[in-house]
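Here is the structure we will look at.
Chains as they are written, first to last, in our numbering: chain A, 1 to 499; chain B, 1 to 499.
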């Protein structure tokens with residue numbers, strides 16, 4: 001007979017199978033499904049989600065958790081139990097009514113936003129958004145009440161869903177330093193940007209680009225026997241063990257953006273492919289948090305692919321694949337990819353300005369959820385912060401200001417910081433790799449990336465969720481997440497034009 | 001509050017959502033999934049199947065059925081309940097042990113067959129196959145015991161899973177007539193085949209073929225907003241409301257086979273797309289049986305696409321799409337597609353000889369399940385029947401004899417007859433359409449097929465499972481399924497070379 005902990009393992013593995021079904025049905029929905037299928041698909045996914053929730057919140061599971069907690073468990077199983085409890089608690093702490101109300105208000109607000117954004121209609125948006133914020137605050141309070149010892153503010157309870165283990169105080173501390181140093185660095189960049197950048201605009205047939213992107217993935221260690229590349233409106237990555245699916249998007253007039261997106265998603269897939277097989281299907285076998293997930297994608301995108309030496313290597317492939325690109329050197333491509341221009345839109349932002357977009361959002365959403373700021377005041381504070389951090393104004397232009405992102409429309413508060421903590425983690429991890437492999441430019445210059453993958457697999461991927469995020473960072477790099485390595489990287493790339 | 005019948009509707013609609021999930025996960029498995037995903041996928045599908053079975057066999061459902069049966073129900077709901085009971089009874093009448101044993105023995109036998117077939121190893125196959133037959137006999141007895149008033153023999157209880165409503169006595173009767181007339185017709189064909197057939201072999205790029213096949217689907221009324229065409233090892237069709245997915249396969253050296261396969265699967269998809277929306281998700285809203293399903297695919301393949309007038313029309317598209325086909329007239333393509341050669345392999349058989357392959361299998365599997373024949377005697381009786389029906393011998397060549405099909409390896413006895421009853425239904429339905437539209441050749445000759453789709457939608461598709469198969473046939477064509485229209489069609493096409 002199985003003991004309580006073993007029963008729990010079985011229970012969570014069965015839940016993982018329902019998650020597998022939802023994962024691939026959602027992938028299909030975004031990548032393959034014709035429009036006519038949306039109604040039946042939505043109903044099927046909702047049914048699976050309901051079955052999943054029902055099983056995760058079954059009273060029997062709570063009892064098993066209580067029993068297992070009294071068992072003598074070794075460290076590995078104790079940790080595994082902790083992660084099960086985390087998943088379970090997140091599900092049981094919200095009432096079914098709140099979940100339903102949130103989902104309805106979120107759909108309504110997101111739906112309205114699609115036209116309101118275009119029409120710069122903040123007032124119309126606010127009409128729906130107020131309820132989304134009210135419900136998110138209620139959610140935050142409920143989540144905090146379930147674990148008052150862990151969450152010092154309501155916002156922290158939402159942040160924890162994405163940045164698990166990195167709390168708002170820690171993030172504020174790191175961001176403060178970044179906010180102090182970035183504008184100064186940004187001021188110095190324009191003088192160091194090369195004159196007469198090559199214009200990479202041209203005509204690049206989509207089929208040839210697709211082949212080129214597959215080549216890039218193979219160079220970056222992606223295994224096509226255990227995954228796919230497809231095209232979708234927004235690049236994303238998803239999948240399950242042995243089947244990692246990433247998407248990218250192509251435009252005929254350029255080739256760099258697609259390669260960057262592909263490298264980025266290949267990094268996400270790499271993390272997932274390296275998760276520990278022995279705890280497959282259990283919460284402890286999953287990726288630690290989004291801050292580490294994003295660090296892997298950004299490491300592949302910004303530090304591997306976009307490094308001067310890798311681009312020098314890969315430029316040969318580009319020239320082979322795309323006749324109109326024959327005239328470009330590695331230097332041309334690298335310089336064009338590493339160009340800095342402050343702008344209003346986060347998703348178009350370069351590596352240097354991106355964190356300022358995120359810090360602005362972090363500060364606003366934190367105050368919003370902690371009820372230190374009301375929705376009606378967002379446009380004004382957004383404009384103030386844009387002026388302070390990037391010297392740009394969004395006054396009267398909410399389309400390119402506080403209406404630009406989808407995240408808040410359905411109440412996903414707490415997600416934004418993971419982008420920048422991810423960028424800091426990526427730089428810090430790659431700095432550690434550089435220290436261990438001083439010949440890294442030569443290696444990347446001949447297209448060798450396995451030393452990076454092996455290092456990451458050992459230090460990050462194989463850990464799954466068996467350690468806290470900052471334990472992983474400390475063991476891997478010698479310290480917890482901080483801005484130093486990232487700033488040093490920006491300095492080297494954008495001031496010294498070194499790599 | 002819902003009454004018992006309404007509760008049942010809700011219950012079955014929820015089951016349909018799990019079926020939706022399994023449908024598209026299986027599609028993905030065959031069309032998209034990389035090899036690395038097979039383990040996780042198999043587990044996920046097994047989990048969904050278990051949840052489906054658990055819900056379908058829940059005691060509560062049996063109670064609701066009992067209650068609903070006592071309710072005053074209108075004809076429509078009474079019929080709907082009948083179909084629910086059919087689905088439910090099929091699930092509850094087998095023990096979990098038998099289902100599991102059958103699945104294990106089937107997997108083992110099918111797996112071994114993949115090499116045993118190649119190696120002409122009947123003895124090795126028999127080692128596994130005996131258990132498959134024993135378990136299928138046990139299954140047949142159990143299914144028959146659940147409805148002794150409906151099934152006069154054990155075989156009928158298996159046949160009913162595929163040919164629902166068309167029992168073995170009815171099928172035997174129809175096949176007897178066919179068996180009497182076909183060989184004679186077959187004897188006369190060679191003299192009527194045209195001399196000097198055009199050789200359609202050439203080089204036809206796959207991308208161009210894919211575009212051509214999409215064009216064919218559009219000509220046949222397929223809506224790409226509600227479906228897809230993809231490539232798989234064996235063509236098939238699947239899907240759900242608003243999302244009908246068919247696959248085909250291409251070879252670079254020919255283009256006719258792919259077009260025939262695509263037309264065939266488009267017919268399957270057409271039936272599904274025309275099922276009644278108002279009973280969506282309920283058993284009564286499904287396709288009636290495989291004999292009618294196959295009739296729609298064969299009608300699209302053999303009577304629409306392969307008609308002389310449609311091919312004359314479509315040949316223009318072929319010549320536009322495939323430069324190497326520019327030299328072929330509609331007549332060339334039609335003659336090549338309508339060539340008869342008796343052979344050993346069912347799936348390569350032409351329209352005239354195919355039924356003889358099926359009748360042979362029907363007679364053997366019926367006697368096998370009814371314990372009038374033992375597995376060990378199959379090769380001998382196979383050879384005897386091949387000699388009698390097609391004048392060919394498989395003595396010592398089981399690879400191309402009784403080892404050629406996958407169906408029996410996992411115990412799917414009762415499936416084969418649907419191919420030929422489907423062919424008879426197709427000819428009979430199309431004869432009725434021809435009677436109603438005497439200008440059918442002119443219509444097809446200008447690529448018009450909507451009159452056929454509209455007729456089928458009204459007479460077959462929209463009926464779902466609200467009538468028995470032979471009621472549908474009688475209302476649509478004036479009589480129950482018989483061989484006359486099929487033989488007349490063969491006569492017209494292969495002796496008179498008319499259409």
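From the three backbone atoms N, C-alpha and C, an ideal C-beta is built for every residue, glycine too.
None of the values given here were measured: they were computed from a predicted structure.
Contact check for residue 24 of chain B and residue 25 of chain A: beta-carbon distance about 6 Å, within the 8 Å limit, so the pair qualifies. Cβ contact annotation for residue 250 of chain A (same chain, cutoff 6 Å, sequence separation greater than five): 206, 209, 258, in chain order. By alpha-carbon distance to residue 85 of chain A, the top candidate from A:264, A:122, A:146 is A:146. Comparing alpha carbon positions, the residue from A:63, A:293, A:337 closest to residue 198 of chain A is A:337. Here residue 11 of chain B has 55, 61, 64 as same chain residues with Cβ atoms under 8 Å from its own Cβ, once five neighbours each way along the sequence are excluded. For residue 132 of chain A against residue 105 of chain A, the beta-carbon gap comes to about 5 Å, under 8 Å, which counts as contact.
Contact between residue 362 of chain B and residue 276 of chain B fails: their C-beta atoms lie close to 31 Å from each other, not under 8 Å.
Sorting A:35, A:13, A:32 by C-alpha distance to the C-alpha of residue 46 of chain B places A:13 at the top. In the structure shown, residue 246 of chain B adopts extended strand secondary structure according to DSSP, grouped into three states. DSSP places residue 273 of chain A within a helical segment (H, G or I) once states are collapsed to three. Secondary structure at residue 251 of chain B: strand, using DSSP grouped into helix, strand and coil.
Nearest to residue 299 of chain B by alpha-carbon distance, out of B:252, B:327, B:422, B:325, is B:422. For residue 53 of chain A, no Cβ of chain B is located within less than 7 Å of the residue's own Cβ. Its chain contains 98 as the residues whose beta carbon lies nearer than 7 Å to that of residue 138 of chain A, once the 5 sequence neighbours on both sides are disregarded; these appear in chain order. For residue 406 of chain A, no chain B residue has a Cβ inside 8 Å of its Cβ, as the nearest lies near 25 Å away. Relative to the Cα of residue 141 of chain A, the nearest Cα in the group A:90, A:181, A:268 belongs to A:90.
The criterion of a C-beta distance shorter than 7 Å is satisfied by residue 237 of chain B and residue 269 of chain B. Residue pairing from DSSP places residue 237 of chain A in a beta bridge opposite A:246. Against residue 246 of chain B, chain A offers no close residue; the least beta-carbon distance is about 12 Å (beta-carbon pairs closer than 7 Å). Residues of chain A whose Cβ lies closer than 9 Å to the Cβ of residue 228 of chain B are, in chain order, 32, 33, 34. Non-local beta-carbon contacts of residue 334 of chain A in its own chain, meaning distances under 7 Å to residues more than five positions away in sequence, involve 308, 311 in chain order.
In summary, residue 71 of chain B is exposed, with fewer than 16 beta-carbon neighbours lying within 10 Å of its beta-carbon over all protein chains present.
By the criterion of a C-beta distance shorter than 7 Å, residue 376 of chain B is surrounded in its chain by 126, once the five residues flanking it on both sides are discounted. Scanning chain A for C-beta atoms nearer than 7 Å to the C-beta of residue 24 of chain B yields 25, 28, reported in chain order.
Residue 155 of chain B places its beta carbon less than 7 Å from that of residue 366 of chain B. In this structure, the CA atom of residue 220 of chain A is about 8 Å from the CA atom of residue 305 of chain A.
DSSP places residue 43 of chain B within a helical segment (H, G or I) once states are collapsed to three. Residue 344 of chain B is not a Cβ neighbour of residue 292 of chain B, given a cutoff of 7 Å.
When Cβ-Cβ separations below 7 Å define contact, residue 265 of chain A makes no contact with chain B. Taking a Cβ-Cβ cut-off of 7 Å, the neighbours of residue 224 of chain A in chain B comprise 34, given in sequence order. Residue burial annotation: residue 387 of chain B is exposed, with fewer than 16 other C-beta atoms found within 10 angstroms of its C-beta. When C-beta atoms of the stretch 180 to 196 of chain B are compared with those of the stretch 370 to 384 of chain B, fewer than three pairs fall below 8 Å, so the two segments do not count as touching. Listed in chain order, the non-local C-beta contacts of residue 240 of chain B below 7 Å within the same chain comprise 20, 23, local neighbours out to five positions each way being set aside. At least 7 Å separates the beta-carbon of residue 285 of chain A from that of residue 243 of chain B.
By the Cβ criterion, the stretch 393 to 405 of chain A is not in contact with the stretch 432 to 439 of chain A, since fewer than three pairs of Cβ atoms, one from each stretch, lie closer than 8 Å. Three or more beta-carbon pairs drawn from the stretch 446 to 462 of chain A and the stretch 470 to 484 of chain A are found closer than 8 Å, and the two stretches are therefore classed as touching.
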